[in-house]
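K.L.:
Just so we're aligned, residue 1 is where the sequence shown starts under the UniProt record's numbering, counting upward by one.
We put the beta carbon where it would ideally sit given N, CA and C, even for glycine.
Just so it is clear, the structure is predicted and the values come from calculations on it, not from any experiment.
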Amino acid sequence: MCGRFSFYQAAETVAELFKLAGIPTTKPRYNIAPTQSVPTVLQREETQERQFQMMRWGLIPSWSKDMKMGAKLINARSETVAEKPSFRSPFRRRRCWILADGFYEWETTDSGKQPFYFQLKYGEPFAFAGLWEHWQSPEGEVIESCTILTTEANELMSRIHVRMPVILSPTTRDRWLDPATPPEELHPLLTPYDSQQMIGYPVSRMVNTPKTDSPDCVQPIAALEQ
Numbered sequence: 001m002c003g004r005f006s007f008y009q010a011a012e013t014v015a016e017l018f019k020l021a022g023i024p025t026t027k028p029r030y031n032i033a034p035t036q037s038v039p040t041v042l043q044r045e046e047t048q049e050r051q052f053q054m055m056r057w058g059l060i061p062s063w064s065k066d067m068k069m070g071a072k073l074i075n076a077r078s079e080t081v082a083e084k085p086s087f088r089s090p091f092r093r094r095r096c097w098i099l100a101d102g103f104y105e106w107e108t109t110d111s112g113k114q115p116f117y118f119q120l121k122y123g124e125p126f127a128f129a130g131l132w133e134h135w136q137s138p139e140g141e142v143i144e145s146c147t148i149l150t151t152e153a154n155e156l157m158s159r160i161h162v163r164m165p166v167i168l169s170p171t172t173r174d175r176w177l178d179p180a181t182p183p184e185e186l187h188p189l190l191t192p193y194d195s196q197q198m199i200g201y202p203v204s205r206m207v208n209t210p211k212t213d214s215p216d217c218v219q220p221i222a223a224l225e226q
């Protein structure tokens, strides 16, 4: 599962790394929670242009009667995503990158839930494999929303949780984004990221409160230094 993540990179860095046509408008976020707006990149079939867009985190199926369902669909299991009614159409035609530079997972201890922060070894931004959907309410309100795919945990993550978000490598993320990529070529992209290219450490339990959003959220706690 992936229930919280961060994205605080400079907009210029993001534009260069992900080959965007313009500089996106972003603000640093250190504790992004479900139903909030998240930074995505998508490639619409009709234009084939790469587009940066903020979307609601929690996919609302196009056939849903209301938006409440989205709060339960923040993640999609990569093993079953092609069959699930909520995800099979986006999996074929509406894939995206969800941009991040780190994410949180929790370990259950005798004293409560302890958050850990995971990122790439050198702190660079990356792209989660995501799906997006277009939904319109009976009143005409339009919301575009997304979900993060998950896979089995790698060696680093497995101590904390059995699942982890799918992080796309620089060599695979273009294929994931391209609507023309056949579905049968997608599953090999949805594998655990190399543990040797990641780091993880415990952080303050202030992260447990979704309203807390500051650089302190991603700082290692003293216990890591011992």
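Using CA coordinates, which residue listed in Asp174, Ala11 and Asp213 is at the minimum distance from Ala33?
P.N.:
Of Asp174, Ala11 and Asp213, the residue nearest in Cα terms is Asp213.
K.L.:
Taking the Cβ atom as the reference point for each residue, do Glu124 and Pro61 lie within a distance shorter than 8 Å?
P.N.:
No. Outside cutoff.
K.L.:
Per DSSP, which one or two residues make a beta bridge with Arg50?
P.N.:
According to DSSP, Arg50 bridges with Gln43.
K.L.:
Do the region 105-123 and the region 43-52 meet, that is, are 3 or more Cβ pairs less than 8 Å apart?
P.N.:
These segments do not touch.
K.L.:
Reducing DSSP to helix, strand and coil, say where Gln136 ends up.
P.N.:
DSSP places Gln136 in strand when its eight states are reduced to three.
K.L.:
Report yes or no: do the region 85-96 and the region 174-182 share at least 3 C-beta pairs separated by less than 8 Å?
P.N.:
Output reads yes: the region 174-182 touches the region 85-96.
K.L.:
Taking C-alpha atoms, which residue in Glu155, Ser6 and Ala71 lies nearest to Cys146?
P.N.:
Per the Cα distances, Ala71.
K.L.:
Would you say the region 22-33 touches the region 154-171, given that touching needs at least three Cβ pairs under 8 Å?
P.N.:
As far as the Cβ criterion goes, the region 22-33 does not touch the region 154-171, which means the pair count is below three.
K.L.:
Report the rounded CA-to-CA distance for Pro138 versus Phe87, giving the unit in angstroms.
P.N.:
Distance between the alpha carbons of Pro138 and Phe87 is about 22 Å.
K.L.:
Do you know how far the Cα of Pro220 is from the Cα of Met55?
P.N.:
Using only the alpha carbons, I get a separation of about 29 Å.
K.L.:
Is it buried or exposed for Ser6, if we count other Cβ within 10 angstroms and need 16 for buried?
P.N.:
Ser6 comes out buried.
K.L.:
Do you know offhand how far Gly58's Cα is from Ile74's?
P.N.:
Gly58 and Ile74: Cα-Cα distance of roughly 4 Å.
K.L.:
Reducing DSSP to helix, strand and coil, say where Leu156 ends up.
P.N.:
It is helical.
K.L.:
Going by CA-CA distance only, name the one from Leu189, Ala11, Gln197 and Lys113 that's closest to Ser78.
P.N.:
That would be Leu189, whose Cα lies nearest to the Cα of Ser78.
K.L.:
State the DSSP-derived secondary structure class of Gly130, mapped to helix, strand or coil.
P.N.:
Three-state DSSP puts Gly130 in a strand.
K.L.:
Are there 16 or more other CB atoms within 10 angstroms of the CB of Ala129, so buried, or fewer, so exposed?
P.N.:
With 16 or more other Cβ atoms within 10 Å, it is buried.
K.L.:
The alpha helix (DSSP H) with Pro90 in it runs from where to where?
P.N.:
Unbroken alpha helix (DSSP H) run through Pro90: Arg88 to Arg93.
K.L.:
Ends of the beta strand (DSSP E) at Leu120?
P.N.:
Here the beta strand (DSSP E) through Leu120 covers Gly112 to Leu120.
K.L.:
Expressed to the nearest angstrom, what Euclidean distance is found between the alpha-carbon atoms of Pro39 and Ala100?
P.N.:
Distance between the alpha carbons of Pro39 and Ala100 is about 8 Å.
K.L.:
According to DSSP, is Val203 helix, strand or coil?
P.N.:
The answer is strand: DSSP assigns Val203 an E or B state.
K.L.:
Grouping DSSP H, G and I as helix and E and B as strand, with all else coil, what is Gly102?
P.N.:
Gly102: strand per DSSP, three-state reduction.
K.L.:
Do you know how far the Cα of Val142 is from the Cα of Ile199?
P.N.:
Going by the C-alpha atoms only, they are around 39 Å apart.
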